[in-house]
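**Q** Let me begin by handing over the structure; questions about it come next.
Numbering (our numbering), first residue to last: 312 to 354.
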């Protein structure tokens, strides 16, 4: 099968981990560091 080929498995695994990493970076930018300055708007 094509799925059992080591190069195909490596490429699929690399794309999967890259997508997970991009989602984590997006979530960090959306929920994390970008929200810090807005805490002090009320003072």
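Glycine is no exception: its CB is placed at the ideal position from the N, C-alpha and C atoms.
For the alpha helix (DSSP H) that contains residue 337, what are its first and last residues?
**A** Residues 317-338.
**Q** Distance check for residue 337 and residue 324, CA to CA, integer angstroms please.
**A** Cα to Cα, residue 324 sits roughly 20 Å from residue 337.
**Q** What is the rounded straight-line gap between the Cα of residue 339 and the Cα of residue 328?
**A** Rounded to whole angstroms, residue 339 to residue 328 spans 16 Å at the Cα level.
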